[in-house]
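Asks: Encoded as structure tokens, here's the structure I'll be asking about.
Have a look at this one:
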């Protein structure tokens with residue numbers, strides 16, 4: 007299995023560089039006879055698309071996806087679905103100043119050591135532009151989950167913290183998430199976030215963020231012991247997103263400070279069905295879904311491409327300083343929300359096909 | 007690839023139930039001509055072995071490992087190494103009271119729904135007893151890393167928090183870690199931990215913990231984009247350990263509250279070699295090792311098997327209460343330290359064989 | 007995926023050397039709640055067991071299998087099934103004469119170059135003794151196929167050629183196959199085979215053979231394009247058996263000499279169901295089962311361990327001659343019959359679990 | 007691992023339908039810093055291209071390949087190489103007559119049962135058009151082999167039998183292979199083949215063929231026991247080619263009729279190096295390359311798309327007859343020669359990267 011692929015039964019393999027000709031992916035393992043069109047995919051791509059608000063990068067990409075195979079007369083055929091997005095707003099010139107400089111906080115240094123090739127154009131393969139294809143694959147994954155679960159499943163990501171400003175869970179409103187530029191579930195936090203992000207941008211600085219993804223309506227029984235536990239695979243999927251440094255399931259690190267009896271989710275029967283009195287486990291026990299909401303959080307470090315000058319070295323191992331101009335997200339965590347949703351969707355689709 | 011296996015080139019596959027005849031694993035992908043004996047493996051198994059202090063389970067298992075194949079005249083042959091440990095202190099009777107009760111916080115409920123079979127003897131396959139084989143595989147992984155890196159690498163895990171009591175990093179002493187029952191690097195925290203664990207045990211309660219695993223001396227260049235990033239695979243490996251609910255690399259969740267310019271690890275040249283001025287990245291950039299120390303933390307929730315009575319259901323979906331007697335760890339996080347080390351070792355050995 | 011494993015959903019991984027402590031395997035991906043005991047496995051192991059007639063090796067091995075995990079109270083649990091056979095009749099001394107000699111026609115030369123370790127005891131890992139574990143895995147595979155197809159499937163191997171003496175297909179009698187020492191479906195060919203094998207043994211020579219494996223009652227739809235075609239996977243499985251040099255499906259190489267219109271299997275409807283007027287395809291079209299009998303043949307070269315002296319070299323790259331004493335099969339193809347059946351069973355079980 | 011992919015370290019994944027928008031593949035696992043351009047790939051594609059002689063299909067496809075990723079400034083980057091060929095000469099109308107008819111001898115029947123979707127346009131995904139992408143991947147595989155072996159390796163396929171007319175091995179001339187429309191190594195057989203193929207075409211019939219692929223200069227030690235034997239993987243690779251029904255290594259089925267002492271390849275030392283006195287093994291012992299020429303043969307059944315009327319059924323399970331017009335190869339085995347070479351190249355490249 008190539009390191010550019012994810013999944014066992016439902017799989018996707020991405021390719022392409024930030025400022026190359028195109029990016030794309032093959033989505034495989036999709037059952038036949040599922041309705042699928044470019045529109046279905048575009049809907050989710052548009053959420054991640056750059057250039058939509060002043061709080062994200064100003065790179066202009068329509069991110070128009072084309073289906074090249076695997077769909078015939080509007081239905082999936084059971085064969086690989088090849089997707090492509092032509093890059094439009096390539097500006098390799100933006101990078102000519104820093105052509106030989108290894109941007110600290112990015113993959114430039116490690117890629118240079120490992121591959122001995124420098125695609126200076128926005129990081130080449132290591133760019134977060136690759137995540138567009140995760141979102142595309144995620145949109146197809148959603149179709150599979152819908153079919154396998156009779157539309158019972160809802161996957162929803164939200165931004166819950168920017169810098170040190172957290173949302174208030176009491177204000178959580180699912181509907182509001184798609185009505186603001188931050189995927190915030192909390193209307194009240196917006197002015198503070200606008201203020202802090204604008205300030206960071208003006209200062210040539212950047213901010214980290216925390217994303218929470220919830221999935222409701224998923225059947226019990228998904229996931230496989232011992233190493234392909236559902237939470238282990240979700241952790242891998244989320245940690246593979248650019249700039250992610252931490253992942254937690256359910257109450258996560260908070261569980262450490264609870265006594266065992268408080269942390270255990272007790273079980274009762276209601277209307278003939280088991281219900282849990284709490285959800286500290288985040289919907290997963292022993293690596294297998296319980297039927298409760300699956301809840302995962304991951305953090306995204308502050309964007310490393312900033313205007314402030316930083317010390318670094320170049321490809322000749324000479325000391326230098328770097329200032330990253332160009333069109334960068336002051337808080338790359340915002341656009342990670344649809345990506346996190348996509349990783350939840352692809353992981354669950356894979357397990358749906360293994361189990362249901 | 008079966009869900010009971012981990013790794014791509016260096017792989018291991020475990021089998022066995024907590025109170026079955028035996029547990030074991032196959033370790034494969036080991037290069038030929040590495041010296042290996044049972045003693046090499048036993049050394050690490052003994053660290054994880056139950057019954058060694060009053061702060062861990064009183065189950066008595068010698069955990070004596072036997073090598074059944076793959077070693078000839080003291081050297082690895084390049085063929086699969088089969089390991090077995092016969093279970094000795096099986097006490098299925100301990101579980102007869104709760105034979106039909108689904109222990110909350112454990113995999114009992116999800117296994118019952120998924121498999122329709124109930125191995126009530128200590129959770130059967132879902133028991134943390136399986137982690138003995140991770141430790142065994144880890145000891146062989148260390149041999150590979152030694153060979154591939156000329157003994158430059160040191161992998162060391164430590165307990166850094168029990169309940170809400172944290173170590174003081176200023177007191178960190180690597181040598182002390184193996185000189186106490188808690189794998190603590192901080193001598194001063196010991197009395198507090200002893201007190202809190204003893205109290206929890208007396209109360210029939212339990213405590214969570216945080217483990218930090220550090221690896222120094224690892225060469226730059228290990229890890230593979232995009233989905234097999236070293237941090238993504240470490241996250242999966244750690245999250246697959248029983249009771250783990252969160253994982254973070256480098257400064258992890260703390261990175262969210264730093265401005266970009268503080269979070270970026272700046273680079274300089276010293277004695278002709280690149281050095282980093284900080285290690286917020288935890289030794290990994292773009293999913294590839296930088297050569298700095300790899301630092302990972304994971305949390306272990308409080309043991310779910312406790313004396314305090316909890317509400318639950320049985321296999322007939324009837325409401326009941328449960329009190330878990332038997333010989334349980336009041337803080338299962340302690341014995342997770344050598345397991346975390348082992349997961350670091352197996353993941354790195356796999357990447358060493360891919361790259362070096 | 008390790009090279010000692012086969013299968014995607016139903017998988018098995020073997021370990022052990024010819025004259026080591028034991029041989030064994032892990033069978034994984036087995037659904038829960040299938041009845042399984044050692045007896046089920048032993049039945050098939052006994053067919054392959056050495057020392058049963060004067061036409062096979064005189065090594066005495068009871069080949070008694072022990073189930074170490076994955077079965078609880080007589081039912082599979084859905085977790086890995088670990089099997090072990092302790093070696094009994096180890097006679098490393100038989101090999102002391104040829105300790106440093108690389109037996110031509112065997113893996114000795116290539117293993118020596120690749121691994122730099124010489125397990126002179128009967129070829130170590132490269133010995134056909136490993137195939138006992140294929141047969142064990144095959145017996146569990148049959149259980150899965152039975153369950154998934156309601157016992158509709160029959161898998162039957164037969165010896166159809168020894169040296170240049172072929173059976174007459176007109177005499178084919180399924181019942182007779184298990185009533186003779188050769189797995190011959192043709193009673194009339196027996197005297198000729200007895201004579202030719204006895205002669206070869208007396209002469210210190212050996213004979214090749216062809217095996218045919220048929221599978222009836224398998225549902226249409228098994229197999230996956232493009233690279234995991236059912237026939238491609240069967241070809242790999244059969245070619246992986248020791249000493250196999252060729253594989254063909256359906257009419258195989260004979261198809262070359264037929265005009266297209268004769269080779270095509272025409273289709274009609276009978277009792278409302280499609281039937282084929284011939285079976286040149288061997289039950290597979292486009293890599294997917296048609297529902298017709300699956301028919302595969304493979305050839306086994308004459309045993310390379312013979313009494314006649316042959317030119318070879320030793321591990322020091324010195325010229326020498328070799329005479330292989332010990333207890334060898336004059337026609338190793340005979341005992342390949344249950345192995346071929348097992349490879350058919352494991353491959354089909356894997357595809358049953360992918361599709362049914 | 008998806009069924010549309012092959013390989014473990016060097017992998018390729020193909021996509022696309024015969025008369026869809028395009029076909030393509032992702033080639034992954036390619037080391038960085040190998041020179042690669044479209045021209046390198048096109049050279050081999052042109053050998054397989056249709057419409058080049060009256061003995062192959064008249065479909066006109068330039069088969070112009072475009073590299074979309076993974077190459078930067080003429081060098082491979084170590085990241086996935088995405089290739090695409092736009093289909094030009096799509097004529098779905100050719101298939102309108104037989105839209106609902108299941109072509110016997112093709113995958114139509116099994117795909118219909120398995121997927122419930124009918125891409126009537128030349129078989130859709132099951133078309134041999136897919137093999138263009140195997141050839142493309144093979145051309146990149148050759149680059150890797152060249153680099154890893156210092157250009158010592160030569161991979162050459164040839165047609166050795168058409169219908170019942172075989173070449174004479176005594177006339178074998180490597181240079182002649184690329185100088186005729188049949189990839190024949192024997193000049194003298196050409197007139198007979200021209201005659202028999204022309205006759206088959208006129209009769210609305212078709213012919214089978216046998217292809218032999220030889221590889222010289224490959225180092226000893228490639229291949230992995232037990233299930234990823236080099237011969238087992240080659241067998242799978244060749245059997246996965248459309249219309250292939252049999253595969254043999256070395257002397258293959260002929261080995262059955264030789265006594266053991268004649269079949270064994272004896273070893274001597276010449277100029278300090280081991281040499282074999284024969285090559286019945288086809289360059290592979292115990293699944294590992296010996297350093298001798300690797301020799302494999304596979305047969306291709308006669309084209310199933312013929313003008314002669316055949317009995318079949320339609321998608322409504324009604325009896326009908328079919329006559330396949332359109333532009334079909336009278337002997338599809340001819341164009342299988344470069345495909346067989348490609349499969350040899352991809353398999354060897356994968357093992358080169360595992361071992362060298």
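Chains as they are written, first to last, in this note's numbering: chain A, 7 to 362; chain B, 7 to 362; chain C, 7 to 362; chain D, 7 to 362. Every residue, glycine too, gets a C-beta built ideally from N, C-alpha and C.
#1: Among the residues of its own chain, which have a CB less than 7 Å from the CB of residue 201 (chain A), if the five just before and after it don't count?
#2: Looking only at its own chain, which residues have a Cβ that is under 7 Å from the Cβ of residue 207 (chain B), when we skip the five neighbours before and after it?
#3: Pairing CB atoms from the region 75-94 of chain A with CB atoms from the region 34-51 of chain A, are three or more of them under 8 Å?
#4: Consult DSSP for residue 146 (chain A) and reduce its assignment to one of helix, strand or coil.
#5: Exposed or buried, which one is residue 268 (chain B) when buried takes at least 16 other CB atoms within 10 Å?
#6: Please tell me whether residue 141 (chain C) and residue 54 (chain C) are closer than 8 Å, where the distance is taken between their beta carbons.
#7: Out of A:348, A:361, A:355, A:359, which has the shortest C-alpha to C-alpha gap to residue 164 (chain A)?
#8: Return yes when the Cβ of residue 340 (chain A) is within less than 8 Å of the Cβ of residue 115 (chain B), no when it is not.
#9: Measuring alpha carbon to alpha carbon, tell me which of B:105, B:93, B:48 ends up nearest residue 329 (chain B).
#10: Do residue 240 (chain D) and residue 149 (chain D) have their beta-carbon atoms positioned less than 8 Å apart in this structure?
#11: Helix, strand or coil for residue 324 (chain A)? Go by DSSP, reduced to three states.
#12: Starting from the N-terminal side, write out each stretch of the beta strand (DSSP E) that is 3 residues or longer and does not extend beyond the region 205-276 of chain A.
#13: Are the Cβ atoms of residue 88 (chain C) and residue 22 (chain B) separated by less than 8 Å?
#14: Of all Cβ atoms in chain A, is any one closer than 8 Å to the Cβ of residue 153 (chain B)?
#15: Any beta carbon from chain D within less than 8 Å of residue 112 (chain C)'s own beta carbon?
#16: Compare the C-beta of residue 15 (chain B) against all C-beta atoms of chain A and say whether one is closer than 8 Å.
#17: Report the option in D:305, D:219, D:298, D:132 whose CA atom is closest to the CA atom of residue 253 (chain D).
#18: Who are residue 34 (chain D)'s beta bridge partners in DSSP?
#19: How is residue 360 (chain B) classed by DSSP in three states: helix, strand or coil?
#20: Within 8 Å of any Cβ in chain C, is that where the Cβ of residue 189 (chain D) sits?
#21: Drop a sphere of 10 angstroms on the beta-carbon of residue 156 (chain D), count the other beta-carbons inside from all chains shown, and report buried for 16 or more, exposed for fewer.
#22: Have a look at residue 310 (chain C) and residue 203 (chain C) and give me their C-alpha separation to the nearest angstrom.
#23: Starting from residue 48 (chain C) and walking both ways along the alpha helix (DSSP H), at which residues does that stretch end?
#24: Indicate the three-state DSSP secondary structure (helix, strand or coil) for residue 188 (chain B) in the structure shown.
#25: Please state the DSSP three-state secondary structure of residue 351 (chain D).
#26: When the Cα atoms are used, what is the spatial distance from residue 180 (chain A) to residue 188 (chain A)?
#27: What is the rounded straight-line gap between the Cα of residue 137 (chain C) and the Cα of residue 16 (chain C)?
#28: 8 Å is my cut-off, CB to CB: does residue 123 (chain B) come that close to chain C?
#29: Let's see if you can read the secondary structure: which residues bound the alpha helix (DSSP H) around residue 74 (chain D)?
#30: Please list the partners that residue 350 (chain D) has in chain C, where partner means a Cβ-to-Cβ separation under 9 Å.
#31: Mind the definition here: the region 277-285 of chain B touches the region 311-325 of chain B only if three or more C-beta pairs lie below 8 Å; say whether that holds.
#32: Would you kindly work out how many angstroms separate the C-alpha atoms of residue 356 (chain C) and residue 344 (chain C), rounded to a whole number?
#33: Where do the ends of the beta strand (DSSP E) carrying residue 89 (chain C) lie?
#34: In angstroms, rounded to a whole number, what distance separates the CA positions of residue 51 (chain D) and residue 232 (chain C)?
#35: In the region 20-43 of chain A, which residues sit with their C-beta less than 8 Å from some C-beta in chain D, listed in chain order?
#36: Taking only three categories from DSSP, how would you classify residue 105 (chain A)?
Replies: With the structure as the only source:
#1: none
#2: 336
#3: yes
#4: helix
#5: exposed
#6: yes
#7: A:348
#8: no
#9: B:105
#10: no
#11: coil
#12: 215-222, 250-255, 273-276
#13: yes
#14: no
#15: yes
#16: no
#17: D:305
#18: D:17
#19: helix
#20: no
#21: exposed
#22: 15 Å
#23: 44-54
#24: coil
#25: helix
#26: 13 Å
#27: 17 Å
#28: yes
#29: Note, residue 74 (chain D): premise wrong, no alpha helix (DSSP H); not H, not E.
#30: Under the 9 Å cutoff, chain C gives no residues; its nearest Cβ is about 15 Å from residue 350 (chain D).
#31: no
#32: 18 Å
#33: 87-92
#34: 19 Å
#35: 20, 21, 22, 23, 26, 27, 28, 29, 30, 32, 34, 35, 38, 39
#36: coil
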